Amino acid sequence: MGKKDDERVLISPVAGRKSVPLTSDVLMAMTSVDLGGLVSLAEAERIPGSSGGLFNLFSCKGAALKRAVTIAGPFLGAPQAVLGLEQIIARGGTRIWILGWCGSLQREVKIGDLVIPTGAISEEGTSGHYPIGAKDPVPDPRMIKMIENEAGSRSLRFYKGIVWTTDAIYRETAAKVSAFQRQGVLGVEMEMSALFTVAAYRNVALAGLLVVSDELSELRWRPGFGSAEFKSASGEACSLLLDLAGRASAFNNTR
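The sequence shown begins at 783 in the working numbering and counts up by one.
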């Protein structure tokens, strides 16, 4: 058996015979809090038996939307997020909007601010299984522009830049935070580098929006999960992405 045969994938993501096809636009919420916010805002209904118990899928056809979209979540970390993304792509998703949280590494980026990732430094173990060559995985530029324009039109405070993706939140050391600060990295989270990589590998459009939930810039942890600033920003982020995903004027397939 040659090397080419050795690289055969034995388990491929496929839509089951009873699987409900998904809309082209899919919102993936990393947290249960944002998932609940999106579902409530969109008047969404759960798709029964939609994900084998690993995550939930919801169909949105509320009056607030100009076209139907799918909401999926929650996901924790790169492996589960990639598993979900693979299944979503197999069932028809082609433009994926990611909503998550991050910890700030820069002093000017505060709890309640928004971060639009333009790339990610990987310290997770999932993306290495998806060979995409020497290119760095990046989000879809048109989706990024749409998010940026919408955030600006709503007068939201946001930053664009690189984030750090980790598998180990309890190993975010002072040395690492300092090193990434010097590189201008905006925040730390657990999924984006893997999601960018798989989107490039599968040739689908994907971009994300992160809400700053805590701060590490002073080399100590300052949580803000219960703050008014964070809760307000989380609600704004839900509304923003839902509006973009459900907008009739959004561009067609981007790739």
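Positions of the beta carbon are idealized from the N, C-alpha and C atoms, including for glycine.
All values derive from a computational prediction rather than experimental measurement.
Assuming residue i contacts residue j (C-beta within less than 8 Å), just tell me the rounded distance between them.
{"i": "K942", "j": "E930", "result": "7 Å"}
{"i": "F857", "j": "E973", "result": "7 Å"}
{"i": "S960", "j": "L1001", "result": "7 Å"}
{"i": "L823", "j": "S1021", "result": "6 Å"}
{"i": "L792", "j": "L1024", "result": "So it is not a contact: roughly 37 Å between Cβ atoms."}
Quick check on the burial criterion: 16 or more other C-beta atoms within 10 angstroms. Buried or exposed for residue i?
{"i": "N838", "result": "buried"}
{"i": "D922", "result": "buried"}
{"i": "W883", "result": "buried"}
{"i": "D816", "result": "buried"}
{"i": "P919", "result": "buried"}
{"i": "A811", "result": "buried"}
{"i": "Q888", "result": "buried"}
{"i": "G966", "result": "exposed"}
{"i": "A863", "result": "buried"}
{"i": "G1008", "result": "exposed"}
{"i": "G934", "result": "exposed"}
{"i": "I893", "result": "buried"}
{"i": "G910", "result": "exposed"}
Looking at C-alpha atoms only, which residue of the options is the closest neighbour of residue i?
{"i": "I944", "options": "S937, R936 and E971", "result": "E971"}
{"i": "P861", "options": "T947, S999, S814 and R849", "result": "T947"}
{"i": "W879", "options": "T813, D807, G1008 and E954", "result": "D807"}
{"i": "P803", "options": "S822, T852 and G818", "result": "T852"}
{"i": "A854", "options": "S1016, A1010 and L820", "result": "L820"}
{"i": "S801", "options": "S822, T979, P830 and V791", "result": "P830"}
{"i": "S886", "options": "K917, S937, F962 and C1020", "result": "F962"}
{"i": "G1028", "options": "P1005, R953, K843 and F940", "result": "K843"}
Run through the DSSP bridge pairs and tell me what residue i is partnered with.
{"i": "D996", "result": "G885 and P1005"}
{"i": "L828", "result": "Checking the sequence shown, residue 828 turns out to be Arg, not Leu. Looking at the DSSP assignment, R828 forms a beta bridge with F840."}
{"i": "G990", "result": "I880"}
{"i": "T854", "result": "Here residue 854 is Ala; the residue named in the question, Thr, does not match the sequence. Its beta-bridge partners are M810 and L839."}
{"i": "K942", "result": "I898"}
{"i": "I903", "result": "W946"}
- Would the region 990–1003 and the region 897–905 be scored as touching if the rule is three or more Cβ pairs under 8 Å? yes
- Message: Contact between the region 902–911 and the region 866–882 is defined here as three or more beta-carbon pairs at a separation below 8 Å; is this criterion met?
- Response: no
- Assess, as a yes-or-no matter, whether the region 790–804 is touched by the region 864–872 under the definition of 3 or more beta carbon pairs within less than 8 Å. yes
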